[in-house]
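Using the working numbering, read the sequence shown as starting at 20 and increasing by one per residue.
Worksheet: the structure to be examined is printed underneath.
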Amino acid sequence: MNRMATAPQFGPRDSVVLRGTREMGRVEGEPVLDAGEYWYRVRFVRRVENVVEEDLDAVDQADSSLVELAMRGRWGRVAAFRCALAIDRITNSNKSTIYAYRAQRILFEPYQYKPLLKILNSPDRRLLVADEVGLGKTIEAGLILTELEARQYLDKVLIVCPSRLRDKWKEELNRKFGQDFEIVDRRALQEYITRAEQNPDRSRLRAIVSMQTLRSQDLLQRLEGEVGYIDLVIVDEAHHARNPETMTSAMLREIGALGDAVLLLTATPLHLGSQDLFTLLNALRRTEFREGAVFDSSLRHHRGVLRAGAIVRGGRAAAAENAAEELRRVFQSADEQSIEDPIARQVVADLSNRPPTDRRGWIEMERRIQELHPLSSILTRTKKRDVQENAPDRQARVLRRSWTDEEDAAYRQLVGATRLRGWIGESLSLGQIQRARQAASSIHAAILTRAGAPLLSDDDAVEMSDISPSEAKRIASHNAERGFRTPSLPAHDSKLEWLVEILTNIQAEEPGTKVLIFTFFVGTAKYLAGRLTGAGFPALWIAGEVHSDPRDPDRDERGQRMNQFRDDGNIRVLVSTEVGSEGLDFQFCHYLVNYDLPWNPMVVEQRIGRIDRFGQRSPFVRIYSLGFVNK
């Protein structure tokens, strides 16, 4: 029976001790009276909990010394001591034991445990996973989720991703890790916040939400004000937040501050420049990564650490001194007589005096060198060439041709340019740039879909994150410029004829093989699927407007088309917009055609990663990129 409370024993900012474990914490906010008992929101070292008053003690300043406690004869119970010792071992010292090992339904791949071990050793459980495309970042995130849950109670877990990946996350977490998550929209998240406000001790959260939903500033403010913290935040495709001026970037900073543990997943930041990487790291550790210029300077200064790691990767004793010299250049003090960093000093000494003698020793030495880099505790990256012994040989070809005079004239009229053969001699508006891009993809598709309409792409999350909000608002008006006239269709489609020629050669070499074609524009995808089918290459197309609902197979039209492409021997081609470049797996296919190229080269890498990934059985993957040249 609950005792009736008269007045709260503790107030805001009071230091308290949890009776069961003697863990210290601090009260946040005013106490809440519920069913005759006061409840307090208490922040401990790594979490915030709602605790009833009878489970708390005031901090006795005289008890700060273990010696004083022993001198006064104040001892705890043996059971409580054992419990506290076990908790300390799990949360602090035992960071190399995986308690949730074999608790998942996945194939064991050692490299996928690297981010887990890294985050367990992180001082604040914040990590950017920047593995190459196709190595299983979703699985790595699932391993981290299950392991953290084995170590502590995770009351609130939030997964943030592009909208098209929500169902994939829900399915994989359930099928491979036995985790049940709910896909929530803005309304459902608002209802959760209201429930959490009314009853904080019953606010369990297992949610998958789109980046678009969380861009709302008022929703983020409510989440911060009423919920206050989230045990684990996972953000997939975090590179969409690389532009610090966008709403997506602001969302990442806000949601990162709410998480007790934060995991960012991306395949792109190391290829996009130090500013983009800095933006992501700033969202993880705002106090450590404050100034972009300082960050750039630090990266330049520590390049020798990366070179030293690459040197020892070869495992040759003769190279050990070269690696040591690289480290001396980085860490040697101004007088060039000593190395101030004791860990770096020991690594250099071991390289010079006791270089490794076997493969295991070289691997351990490379790890020690990597940990000398200032990003070692917050960034992990795995490359395919380092972990896949039988990785397919990537064979990429860039093919160039020239279009006809009639096609060139149609292009110039469509874009509003004056010079011949696609060369543009004047400054273009944003609307003209968009028409130029669509025409470069397919002149015929651009004309048929009236390229003067405000068509940006299939998914603005892919590349519109490179455009500031103020620029994006002007695009529609630029696209509707006065005096624009749609040109007539040229008699020939040189690019399509070229594609048919390529497909014919592929089928002659490997009869029945399947080909994945990527384009940035929905109009091009529809046009190609129809024309290729008529040319004897039965084709399907997918885009954002094709309904996707993996929870209801009867209504999941996008999933049905992808399954048909995989299973139907009569379907040879799938034409996909950018919805297929992230999160979807096509390892049963080893031919890919880039019918057009996006601005961001890493989007091309993401496309290729759909076939060049774990599970690809072909000894090679072949990529064709098509383009026109001036003649």
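All C-beta atoms in this analysis are idealised placements derived from N, C-alpha and C, irrespective of residue type, glycine included.
For residue i, the three-state DSSP class (helix, strand or coil)
| i | result |
| --- | --- |
| Arg60 | strand |
| Gln217 | helix |
| Asn45 | In the sequence as displayed, the identity of residue 45 is Arg instead of Asn. Three-state result, Arg45: strand. |
| Glu201 | strand |
| Arg595 | The sequence as given places Ser at residue 595; Arg does not occur at that position. Ser595: strand per DSSP, three-state reduction. |
| Phe537 | strand |
| Pro50 | strand |
| Arg32 | coil |
| Phe297 | helix |
| Val176 | strand |
| Ser637 | coil |
| Tyr211 | helix |
| Arg585 | helix |
| Gln171 | coil |
| Val152 | coil |
| Gly651 | Residue 651 lies beyond the range of the chain shown here (20 to 650); nothing can be said about it. |
| Phe647 | strand |
| Asn613 | strand |
| Asn140 | coil |
| Asp405 | helix |
| Gly628 | coil |
| Ser229 | strand |
| Arg387 | helix |
| Ile590 | coil |
Cα-Cα separation between residue i and residue j, rounded to whole angstroms
| i | j | result |
| --- | --- | --- |
| Arg420 | Gly646 | 7 Å |
| Glu5 | Glu243 | In this structure the chain extends from 20 to 650, so residue 5 is not present and cannot be described. |
| Ala499 | Glu201 | With a pLDDT of 47 at Ala499, under the threshold of 50, the modelled position of this residue cannot be trusted; read the value that follows with caution. About 41 Å. |
| Arg234 | Ser182 | 12 Å |
| Arg185 | Ile630 | 21 Å |
| Glu128 | Pro638 | 20 Å |
| Val152 | Arg379 | 27 Å |
| Asp586 | Glu273 | 44 Å |
| Arg636 | Pro134 | 26 Å |
| Leu154 | Phe633 | 6 Å |
| Thr376 | Lys156 | 33 Å |
| Gly334 | Trp381 | 6 Å |
| Ile178 | Arg223 | 14 Å |
| Leu370 | Glu340 | 6 Å |
| Thr213 | Ala207 | 10 Å |
| Gln230 | Glu245 | It should be pointed out that residue 230 corresponds to Met in this sequence rather than to Gln. Their Cα atoms are separated by approximately 20 Å. |
| Thr18 | Thr298 | Absent from the model: residue 18. The displayed extent of the chain is 20 to 650, so no value can be given. |
| Glu383 | Gly542 | 52 Å |
| Ala13 | Leu325 | Beyond the ends of the chain as shown, which are 20 and 650, falls residue 13; an answer cannot be given. |
| Asp250 | Leu167 | 10 Å |
| Ala685 | Ser644 | Lying outside 20 to 650, the shown extent of the chain, residue 685 is not represented and no answer is given. |
| Arg309 | Leu136 | 26 Å |
Sequence-distant residues of its chain with Cβ nearer than 6 Å to residue i (five each side left out)
| i | result |
| --- | --- |
| Arg4 | The question about residue 4 has no answer, for the chain in this structure spans 20 to 650. |
| Ala658 | Look at the range of the chain in this structure, 20 to 650, and you will see that residue 658 is not part of it. |
| Val565 | Glu576 and Arg577 |
| Gly278 | Ile249 and Val252 |
Pair within 8 Å by beta-carbon distance, residue i and residue j
| i | j | result |
| --- | --- | --- |
| Leu147 | Leu303 | yes |
| Leu37 | Gly44 | yes |
| Tyr546 | Leu433 | no |
| Leu535 | Leu611 | yes |
| Ile714 | Leu391 | Residue 714 cannot be examined here, being either before or after the span of the chain that is shown, 20 to 650. |
| Val228 | Val203 | yes |
| His463 | Leu508 | yes |
| Ala160 | Leu282 | yes |
| Glu256 | Leu284 | yes |
| Thr538 | Val598 | no |
Neighbourhood of residue i by C-beta distance below 8 Å, restricted to the same chain and skipping five residues each side
| i | result |
| --- | --- |
| Ala286 | Ala149, Asp150, Glu151, Val152, Lys156, His258, Met621, Glu624, Gln625 and Gly628 |
| Gly311 | Ser293, Gln294 and Phe297 |
Residue i, buried or exposed, once every other Cβ within 10 Å from all chains shown has been counted against 16
| i | result |
| --- | --- |
| Lys402 | exposed |
| Ile642 | buried |
| Glu191 | buried |
| His609 | buried |
| Tyr211 | buried |
| Tyr614 | buried |
| Glu385 | buried |
| Arg32 | exposed |
| Val313 | exposed |
| Gly55 | exposed |
| Glu426 | buried |
Cβ shell of residue i (< 7 Å), same chain only, five flanking positions each side left out
| i | result |
| --- | --- |
| Gln451 | Val434 and Gly435 |
| Asp220 | Trp58 and Asn69 |
| Gln606 | Ile630, Arg632, Gly634 and Gln635 |
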